[in-house]
Amino acid sequence: MTTKEITLPNTHEAAMAPSECTFCKGDFIITSVIYRDDDLVVINDVRPAGRTHWLIMPLRHIRSVEVLTAADLPLYRKMLGVREQLLQTHYPDLTSANRAQRLRSGFHRGGRDIQLFKSWKISLPDVISVKHLHLHVIVDLLASVGYLKYPLWNEVVFIKSETVLKRLEDEEKRERNTTTREATVGSSNESHPEL
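If you count the sequence shown from 1, position 88 lands on 88 in full-length UniProt numbering, and the numbers rise without skipping.
Given below as structure tokens:
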């Protein structure tokens, strides 16, 4: 059985005013800010699931990973770039050889619908505690909590940051190809005037 994920507009992504959002209101301890620029802020998670547990989030309110589109790719790449800078600074011993064992990086999933068959779909619940996009970066996961709350084996609950990057890049590529095809069709119609 093959499954295909689809996101139906406004099914689960109810709008939340930034004034209601914990992160937009700045409801985090100011001493927990690790990094801040014009687009992003990085804070320590109040309930760390590892030796280090950062949350990298945009200052602009985005509800969840489910609503990211190719248009958000520059911001998302910046989030990953900040993650890499912080890891290089704080964990120079994190290498490609031990990265998979020591690093967990991704998002809890927002509610969405999954199409199982032509006419069957299931609605998956929202598993986000704070409805503002935040990338979890966890180094040296605590086994007691981490394997269940941040499972790399279950992307229904927690999706890896690299999987999200690939999805957004694929979407960007499809959009570029569609635009190129439309431009090509448009220019070929212009060069052959109707008689």
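Glycine included, C-beta positions come from ideal geometry on N, C-alpha and C.
Tell me which same chain residues have a C-beta within less than 7 Å of the C-beta of residue i, skipping the five on either side of it?
i, result
"residue 130", "22, 23"
"residue 174", "none"
Mind checking who residue i pairs with in its DSSP beta bridge?
i, result
"residue 36", "41"
"residue 197", "Given that the chain is displayed from residue 1 to residue 195, the structure contains no residue 197 and the question cannot be resolved."
"residue 118", "Answer by DSSP bridge pairing: none, since residue 118 is not bridged."
What does the Cβ neighbour count give for residue i, buried or exposed, with the cut at 16 atoms within 10 Å?
i, result
"residue 8", "With a pLDDT of 31 at residue 8, under the threshold of 50, the modelled position of this residue cannot be trusted, and the question is left open."
"residue 41", "buried"
"residue 33", "exposed"
"residue 76", "buried"
Compute the distance between the beta-carbons of residue i and residue j, then report whether it is under 8 Å.
i, j, result
"residue 168", "residue 80", "no"
"residue 61", "residue 132", "yes"
I need the boundaries of the beta strand (DSSP E) containing residue i, first residue and last residue.
i, result
"residue 108", "103-108"
"residue 160", "158-160"
"residue 198", "Limits of the chain in this structure are 1 at one end and 195 at the other, which puts residue 198 out of reach."
Leaving out five residues before and five after residue i in sequence, what residues of the same chain have Cβ atoms less than 8 Å from its Cβ?
i, result
"residue 106", "135, 136, 150, 152, 158, 159, 160, 161, 163, 164"
"residue 74", "none"
Grab the span of the alpha helix (DSSP H) containing residue i for me, first residue to last.
i, result
"residue 76", "73-90"
Starting from the C-beta of residue i, find all residues in its chain whose C-beta is less than 6 Å away, skip the five residues before and the five after it, and write them out in chain order.
i, result
"residue 51", "139, 140"
"residue 55", "43, 45, 134"
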